[in-house]
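Okay, so here's the structure we're looking at.
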Amino acid sequence: MGSERMDRLDLFAFYTLLAIILIHIIIFPHHKRFLIPADLTAHYPESIRPFYEHIARTRNLKKLIRGIENSEPIFSLPSSGQIFCFVETSEKHYSDRVPSIASTWLGRCDNGRFFSKTPLPDAKMPFSTVYRNLEDDYDDLFRKTLFGFYYSYTYISKDFDWYLKGDDDSYYAMDHLKEYLSTLDPMEPLYLGYRMKPFLVNKLNKKAPKDGYNSGGPGYILSNAAVRIFAEHLYHDEVLCPYDWAEDRGMARCLASMGIYPADTRDENGLHRFIPFRVNEWREVPDAYNYYPLMKNGSLVSEKFVSIHQLSPKKMILLDSILYPSSGKRLFTPEFLNLL
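In structure tokens:
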């Protein structure tokens, strides 16, 4: 009797999945592959797991680490220090975003490199083809980020205090960042970035990151303790860390399952260190997205801001020349960011 009931449940689960696939194909025909909803994977019947594994994107290390290449400069970078930085990039940005980052902030990390699918055309740049066996598209961003953190800690070095994931259109004021990190304990499981509110559709979902999530745009940082917990307990566990089409929300969900939530990274004046939007457009963003209410008047940006998102290569180089002038005399004020 119990076996017959289980067969009926498995059959029901199979037809539910089939219906979701058909709806997905009809509504989102541009997706090349079906994306498994996070909560569905967490409760999938074992009897149809082979079907799930066939359409899901693997986290299998034997498949993902195969053939990874490193450029020559990688081998001269330190294997320990305050901060390890990896920048996720794509081939379409090799000629614009990559050079601007390489010539500005990346070299100020203790160990900074690009994570890409294919080798960069300039072999003098620090890169690892960590994403060689992943898809080079937005749909695979969640898996890129998971594997990026896992690979950084497990295969590159466990001896950095902090691990930063950056986008290729974000800029980091590394002296501000290092100064800020020096006030925190990397042996505590910390998750730093710009804190956003949960998606509205997740309010009825008990698995949603009710404490918010750090926006992927300005990047986020895991302490050594946090990335160790992620690598040892979460990367391989698709129940605690299921797929999510929104990479930043998915990472928050993953970490929240082990009690790691976004920290308050504002300065002593309540101003923001991580900047997710263009500053002159920030106040237009609905309050529903911002975890902390935006002040109606005055600056939103800390004088010691650490990252800013959505910068073109030219503006990134301009900002860097102002923050790090050849004369050595910095004339920067946060109001300047309104012009970018």
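For the sequence shown, the numbering used here assigns the number 20 to the initial residue and increments by one for each residue that follows.
The beta-carbon is built from N, C-alpha and C at its ideal position, and this holds for glycine as well.
- prompt: Cβ atoms of F293 and Y213: under 8 Å apart, would you say?
  reply: Along the sequence shown, one-based indexing puts residue 213 at 194. Along the sequence shown, one-based indexing puts residue 293 at 274. Cβ atoms of Y213 and F293: closer than 8 Å.
F133 - DSSP class collapsed to helix/strand/coil: Start at 1 with the first residue of the sequence shown, and residue 133 comes out as number 114. In the three-state reduction of the DSSP assignment, F133 falls in the strand class, which pools E and B.
- prompt: So what does K184 bridge to, in DSSP terms?
  reply: To locate residue 184, count along the sequence shown from 1; it is residue 165. For K184, the beta-bridge partners assigned by DSSP are F105, Y239.
task: Mark R52 as exposed unless 16 or more other C-beta atoms lie within 10 angstroms of its C-beta, in which case mark it buried.
output: Along the sequence shown, read from residue 1 onward, the residue named residue 52 stands at position 33. With a pLDDT of only 43 at R52, under 50, the local geometry of the prediction cannot be trusted, and the value read off the model is given with reservation. Residue burial annotation: R52 is exposed, with fewer than 16 other C-beta atoms found within 10 angstroms of its C-beta.
- request: Report buried or exposed for N309, applying the criterion of at least 16 other Cβ atoms within 10 angstroms of its Cβ.
  value: For the purposes of this step, residue 309 is taken as residue 290 along the sequence shown, with counting starting at 1. Under this definition N309 is a buried residue.
- prompt: Assuming R116 contacts Y172 under a Cβ cut-off of 8 Å, what Cβ separation, rounded to an integer in Å, is found between them?
  reply: Position 97 of the sequence shown, counted from the start, is the residue given in the question as residue 116. Position 153 of the sequence shown, counted from the start, is the residue given in the question as residue 172. With a Cβ gap of about 25 Å, R116 and Y172 do not count as contacting.
message: Just checking D306 against the ligand NAD - is the residue's beta carbon closer than 7 Å to any of the ligand's heavy atoms?
response: Annotation note on the ligand NAD: not contained in the displayed structure, which lists no ligands.
Delimiting residues of the alpha helix (DSSP H) encompassing P118: The sequence position of residue 118 within the sequence shown is 99, counting from 1. Segment 116-121, the alpha helix (DSSP H) holding P118.
message: Quick check: what's the CA-CA separation for A282 versus Y311?
response: For this step, residue 282 is matched to residue 263 along the sequence shown. For this step, residue 311 is matched to residue 292 along the sequence shown. Taking the straight line from one Cα to the other gives about 12 Å.
message: I need the DSSP call for H112, collapsed to helix, strand or coil.
response: For the purposes of this step, residue 112 is identified with residue 93 of the sequence shown, where counting begins at 1. DSSP, reduced to helix, strand and coil, places H112 within a helical segment of the structure shown.
message: Tell me the residue span of the alpha helix (DSSP H) that contains P138.
response: The residue given as residue 138 occupies position 119 in the sequence shown. That residue, P138, is in no alpha helix (DSSP H); it is neither H nor E in DSSP.
field: Three-state secondary structure (DSSP) of P281
entry: Indexing the sequence shown from 1 puts residue 281 at position 262. In the three-state reduction of the DSSP assignment, P281 falls in the strand class, which pools E and B.
query: Which residues in the same chain have their Cβ closer than 6 Å to the Cβ of A250, if we skip the five residues on either side of it in sequence?
result: Here residue 250 refers to the residue found at position 231 when the sequence shown is read from its first residue. The answer, listed in chain order, is Y169, Y172, T173.
message: Could you check whether D186 and G231 sit closer than 8 Å to each other, using their CB atoms as the reference points?
response: Counted from its first residue, the sequence shown places residue 231 at position 212. Counted from its first residue, the sequence shown places residue 186 at position 167. Against a cut-off of 8 Å, the Cβ pair of D186 and G231 comes out as no contact.
- prompt: Based on Cα-Cα distance, which residue from K216, H291, A271, Y157 lies nearest to Y210?
  reply: On the sequence shown, position 191 is the one that residue 210 refers to. Answer by Cα proximity: A271.
- request: State the start and end residues of the unbroken alpha helix (DSSP H) segment that holds C273.
  value: Here residue 273 corresponds to residue number 254 of the sequence shown, with the count starting at 1. Taken as a continuous stretch (DSSP letters only), the alpha helix (DSSP H) holding C273 covers 266-275.
task: Quick one: residues in its chain with C-beta nearer than 7 Å to the C-beta of A192, no 5 flanking neighbours on either side, listed in chain order?
output: As a first step, residue 192 must be located in the sequence shown, where it is residue number 173. So the qualifying residues of the chain are F324, V325, L342.
- request: Using the Cα positions of S242 and G278, report the straight-line distance between them to the nearest angstrom.
  value: On the sequence shown, position 223 is the one that residue 242 refers to. On the sequence shown, position 259 is the one that residue 278 refers to. For S242 and G278, the distance between alpha carbons rounds to 14 Å.
- request: Enumerate in chain order the residues of its own chain whose CB-to-CB distance from M206 is below 6 Å, with the five nearest sequence positions on each side excluded.
  value: Within the sequence shown, numbered from 1, the residue matching residue 206 stands at position 187. For M206, same chain residues with a beta-carbon under 6 Å away, outside a window of 5 residues either side, are A244 in chain order.
- prompt: What separation, rounded to the nearest whole angstrom, lies between the Cα atoms of P145 and I327?
  reply: One-based indexing of the sequence shown puts residue 145 at position 126. One-based indexing of the sequence shown puts residue 327 at position 308. Taking the straight line from one Cα to the other gives about 22 Å.
- prompt: Whole-angstrom Cβ separation of L153 and D159, contact assumed at under 8 Å?
  reply: The residue you call residue 153 lines up with position 134 of the sequence shown. The residue you call residue 159 lines up with position 140 of the sequence shown. Correct: roughly 5 Å between the Cβ atoms.
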